[in-house]
Structure formats: C-alpha cells, structure tokens
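Here the structure comes first, spelled out in structure tokens, and everything after it is commentary.
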Amino acid sequence: MARRYLFSDESGDLQFRATSQVSRYFAVGTLLIEEPELGELRRALATARDELAWAKHGLDSTFHATTDSQYVRDAVFEALKPIDFRVDVTLIDKPKAQPKIRPDEPTFFRYAWYYHLKYLAPRTLKANDELLVVAASIGTKKGRAAFRGAIEEVMTQCVPFRVKRTLAFWRDESDFGLQAADYCTWAVMRAWERGDDRSLKLIRDKVYSEYDIFKSGTQTYY
226 MARRYLFSDE SGDLQFRATS QVSRYFAVGT LLIEEPELGE LRRALATARD
276 ELAWAKHGLD STFHATTDSQ YVRDAVFEAL KPIDFRVDVT LIDKPKAQPK
326 IRPDEPTFFR YAWYYHLKYL APRTLKANDE LLVVAASIGT KKGRAAFRGA
376 IEEVMTQCVP FRVKRTLAFW RDESDFGLQA ADYCTWAVMR AWERGDDRSL
426 KLIRDKVYSE YDIFKSGTQT YY
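Residue numbers for the sequence shown, in the numbering used here: 226 to 447.
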C-alpha cells in the first residue's frame with residue numbers, strides 16, 4: 226500500500242475560435258508523487274523561494290510559470306531536479322474537437338480529464354493504494370462545483386475501485402505541489418504551443434507521457 230498525491234493543473238483556455246488570443250491546445254497535467262518525496266519537494270521550493278528573495282528576486286505572491294521571470298523559472302526547475310516524481314500531460318488539439326464534446330466548459334473539462342485518468346490510473350495505482358487528488362481551485366463558486374463534479378465522476382470511472390481516493394480543491398498559493406504541477410504542465414504546453422522546449426528539456430526525465438488524443442485526426446471544426 227502506498228499513499229500518493231496527484232497534483233493537477235490545466236493549461237490553455239476553454240474557448241473555441243481561431244484567434245491569436247486563444248490557445249490551440251487544452252491540457253490536463255498531473256504530478257504524481259509519494260509522501261516522503263512530497264516533503265522533499267515542499268522543502269526544496271521553500272528554500273528556493275527564500276534564496277530568490279535574498280538575491281532580490283522576491284515573489285509578489287507565489288511561483289507561477291506564466292508570469293515568473295526566466296531567472297525564477299530556472300531556479301524552480303533546478304530545485305525540482307533531484308526529486309522523484311512523474312509528470313503526465315494529456316493534450317487536446319481544440320480545432321479537432323467535435324462540437325458534441327464541448328457543449329459547455331464542464332463537459333469538455335470532464336472529457337479531457339477522462340482520457341487523462343483512463344491512461345494514468347491503471348499504470349500507476351494498485352489495490353489498497355491511497356490517492357489524494359489535489360486540483361487547483363478555479364473559477365466562480367458555481368463553476369468550481371461543476372468542475373469538481375466532473376473530476377469526481379471521472380475518478381469513479383477510471384480509478385480502480387480498491388484504491389481509496391479523495392479529491393481536494395486547494396488554492397495555488399497554498400501548496401508547493403500545485404505550483405510544481407503548474408511549472409511542469411507549463412513547460413510541456415510551451416513546447417507544444419510555441420515550439421519552445423527549453424524548459425521541457427530541464428524536466429524531460431520526469432515527463433512520462435505527453436499525448437495529444439486527436440493526434441491522428443484530420444477533421445477540424447473551426
């Protein structure tokens with residue numbers, strides 16, 4: 226039996242139109258880590274935050290890859306390097322998504338999560354494991370309820386029934402695990418959206434999968 230933590234992050238937007246302000250991909254990324262290593266991760270990022278502040282690179286709030294400077298990003302990836310965890314990212318090429326799977330945001334969100342956990346769960350979880358899924362708190366109160374329901378439904382469908390599972394929604398700033406998941410998902414998404422794999426190379430050994438579920442599709446809808 227193992228106690229595991231699955232920190233998640235989503236990257237890209239939930240809009241479906243062809244403009245430069247809308248992402249091509251939507252991604253679900255997760256960082257799977259066991260309890261001892263999570264302690265190491267939290268200590269490593271706390272130390273990195275303090276050292277950055279001493280070097281006059283103090284954060285306004287918390288680590289967030291999209292808005293952090295490259296100097297800060299490099300420090301975060303360096304801190305994560307010696308820690309044992311796995312990252313998996315499932316991507317959806319949004320122009321190839323049929324309208325029937327995106328009638329509203331929660332439905333499309335559930336679809337992405339379903340394919341992510343369908344792949345990940347049987348490869349990483351065993352009977353009698355304990356799993357805490359920690360998702361970043363997003364949207365309005367009503368929206369969070371819909372997204373929470375989507376993840377709970379997918380967990381029931383995809384996580385083996387003998388795995389004890391719990392779902393929590395925490396704010397990004399409340400845990401370094403969520404901030405690490407943000408960084409790793411951002412690195413993968415950056416490579417797919419912009420062709421910039423500089424950051425991805427720094428965590429390449431931790432990324433077990435990065436898969437576009439519509440990779441073989443040719444039909445686009447916008």
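The C-beta atom is built at its ideal place from N, Cα and C for all residues, glycine as well. Predicted, not measured: the structure shown is a model, and the values here were computed from it.
Any chance you could list the beta strand (DSSP E) runs of at least 3 consecutive residues sitting entirely within the stretch 327–387, in chain order? 355–361
Please go through the stretch 283–318 and give each complete alpha helix (DSSP H) segment of 4 or more residues, from N-terminal end onward. 295–305
What residue does the alpha helix (DSSP H) around tryptophan 273 start on, and which one ends it? A small fix is needed here, since residue 273 is alanine in this sequence, not tryptophan. 260–279 is the span of the alpha helix (DSSP H), which, as asked, contains alanine 273.
Please say whether cysteine 383 and lysine 431 have beta carbons closer to each other than 8 Å? no
When the Cα of histidine 289 is compared with those of Tyr447, Tyr408, Gly402 and Thr443, which residue comes out closest? Tyr408
How many Å lie between leucine 270 and glutamine 295 at the Cα? 16 Å
Selection from Ala243, Val314, Tyr230 and Ala278 that minimises the alpha carbon distance to tyrosine 433: Val314
Are the stretch 328–335 and the stretch 270–282 touching by the rule of at least three beta carbon pairs closer than 8 Å? no
C-alpha gap between threonine 287 and alanine 304, whole angstroms: 15 Å
How about lysine 321 and glutamine 444: do their beta carbons lie closer than 8 Å? yes
So, helix, strand or coil for serine 245, using DSSP? coil
On the premise that methionine 414 lies in contact with serine 460, defined as a C-beta separation below 8 Å, what is that separation, rounded to the nearest angstrom? The requested residue 460 is not part of the displayed model; the chain covers only 226 to 447.
Can you tell me whether arginine 396 is buried or exposed? The criterion is at least 16 other CB atoms within 10 Å of its CB, across all chains shown. exposed
Roughly how many angstroms separate the alpha carbons of arginine 229 and glycine 420, rounded to a whole number? 32 Å
For the stretch 353–361 against the stretch 384–394, do three or more pairs of beta-carbon atoms, one drawn from each stretch, fall closer than 8 Å, so that the two count as touching? yes
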